[in-house]
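**Student:**
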Amino acid sequence: MSSNNASSQTPKNALALITARGGSKRIPRKNVRPFLGKPMIAYTIEAAIASGCFDTVMVSTDDAEIAEVAKDFGAEVPFLRSDTTANDTAVLSDVVEEVLAAYEGHGISYRYLCCLLSTAPFLTGARLKQGMKTLVKNKADCVMPVVRFSYPIQRALHVDDGKISMVQPEHLNSMSNDLKPAYHDCGQFYWLDTQRFGEQKKLFMDNTHAMELPESEVQDIDHEEDWKIAEMKYRMLRASCSDPMYDLEIMDPVSLIV
Numbered sequence: 110m111s112s113n114n115a116s117s118q119t120p121k122n123a124l125a126l127i128t129a130r131g132g133s134k135r136i137p138r139k140n141v142r143p144f145l146g147k148p149m150i151a152y153t154i155e156a157a158i159a160s161g162c163f164d165t166v167m168v169s170t171d172d173a174e175i176a177e178v179a180k181d182f183g184a185e186v187p188f189l190r191s192d193t194t195a196n197d198t199a200v201l202s203d204v205v206e207e208v209l210a211a212y213e214g215h216g217i218s219y220r221y222l223c224c225l226l227s228t229a230p231f232l233t234g235a236r237l238k239q240g241m242k243t244l245v246k247n248k249a250d251c252v253m254p255v256v257r258f259s260y261p262i263q264r265a266l267h268v269d270d271g272k273i274s275m276v277q278p279e280h281l282n283s284m285s286n287d288l289k290p291a292y293h294d295c296g297q298f299y300w301l302d303t304q305r306f307g308e309q310k311k312l313f314m315d316n317t318h319a320m321e322l323p324e325s326e327v328q329d330i331d332h333e334e335d336w337k338i339a340e341m342k343y344r345m346l347r348a349s350c351s352d353p354m355y356d357l358e359i360m361d362p363v364s365l366i367v
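Quick note: the sequence shown, position 197, residue 306 per my numbering, numbers continuous.
#1: Only counting the same chain, and skipping five residues up and downstream in sequence, which positions put a Cβ closer than 6 Å to that of ARG220?
#2: Which residue marks the beginning of the beta strand (DSSP E) containing VAL276, and which one marks its end?
#3: Return the residue from the list ASP331, GLY161, LYS238 and VAL327 that minimises the CA-CA distance to TYR343.
#4: Which residues does DSSP pair with GLU321 in a beta bridge?
#5: On the three-state DSSP scale, how would you describe PHE306?
#6: Taking the straight line between their C-alpha atoms, what separation do you get for GLU174 and CYS251?
#7: So what does DSSP say about ALA210, is it helix, strand or coil?
#8: Do the segment 192 to 199 and the segment 258 to 276 make contact, defined as three or more Cβ pairs closer than 8 Å?
#9: Just confirm the distance between the C-beta atoms of ASP294 and VAL255, as a whole number of angstroms; I'd bet it's less than 8 Å.
#10: How many Å lie between THR128 and PRO290 at the Cα?
#11: I believe SER169 touches ARG190 by the beta-carbon criterion, under 8 Å. Please report the beta-carbon distance rounded to the nearest angstrom.
#12: Mind checking whether LEU312 and MET253 have CB atoms under 9 Å apart?
#13: Alpha carbons only, please: which of ASP172, HIS332, VAL268 and VAL166 is nearest the one belonging to PHE182?
#14: Shortest alpha-carbon distance to GLN304 belongs to which of GLU333, LEU237, SER285 and LEU209?
#15: Look up PHE298 in the DSSP assignment and give the residues it is bridged to.
#16: Measuring only the C-alpha atoms, how far is ASP171 from VAL186?
#17: So who's on the other strand from ASP269, going by DSSP bridges?
#18: Of all the options GLU155, PHE188, GLU333 and THR233, which has the alpha carbon lying nearest to the alpha carbon of ARG135?
#19: For ASP331, which residues from the same chain have a beta carbon less than 6 Å from its beta carbon, with the 5 sequence-adjacent residues on both sides left out?
#20: Go ahead and label VAL205 buried or exposed: buried means 16 or more other beta carbons lie within 10 angstroms of its beta carbon, across all protein chains shown.
#21: Using only the alpha-carbon positions, how far apart do THR243 and GLY307 sit?
#22: To the nearest angstrom, report how far apart PRO278 and HIS267 are at their CA atoms.
#23: Is it the case that the Cβ atoms of ALA249 and THR317 are separated by a distance below 9 Å?
#24: Does the separation of the CB atoms of GLU324 and ARG257 fall below 9 Å?
#25: Output yes or no for whether 9 Å exceeds the beta carbon distance between LEU145 and CYS223.
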């Protein structure tokens, strides 16, 4: 990144910040592992570029291989992470803060920032546009996609030494239809108002709005079984969807074996 006078800021609208640390333990090299023929991180980069929302699409990583793959698919990697944000204890807000400070130190400021995860193959440009519109329309601090739990969390169970107990035993006989739906983070992206982030220093800010997604577009990928399920879901989604983001023509059929 070239150096400019930090006192003379160049205002820009939106920055796509894709986070991709190299130290994945449960699925080694997850960010660059081929997912149906392309490195996993490529899907997030391509969705960000296709959205047309961003002045800059950049990847924050501590890993030289990830940096090269990111550049191959059109992202910028203007600098590598510091030791502080490359360790196991760093959280996403630390990375956002570091990246914004680096750009501001070189005379560039962004009105909005979208922090994207590099393991989100179901993400599309259309969903990113929807997220930005939701942020601006509602004057929100943050917008994050959520998905409804498929089973009432009020009837969740503990299992201790093989013995079952209810987390909320008062709902033992409650009808599912009478229980309030609950949601969880999709783990795809977080649209942020950078001014509000600068004040609160966290992603889940005071005025955070939800953008609900269908379960077919969401999959945690933390274990090998998750990876196989994600590949199957991707193929099924592509078969029923005309969005060009779900293009299977380049995919390696060998990787579809489960």
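Positions of the beta carbon are idealized from the N, C-alpha and C atoms, including for glycine.
**Tutor:** Working from what's here:
#1: ASN122
#2: Element bounds for VAL276: n/a, residue is neither H nor E.
#3: VAL327
#4: VAL255
#5: helix
#6: 31 Å
#7: helix
#8: no
#9: 6 Å
#10: 30 Å
#11: 6 Å
#12: yes
#13: VAL166
#14: LEU209
#15: LEU225
#16: 10 Å
#17: LYS272
#18: GLU333
#19: ARG135
#20: buried
#21: 20 Å
#22: 11 Å
#23: yes
#24: yes
#25: no
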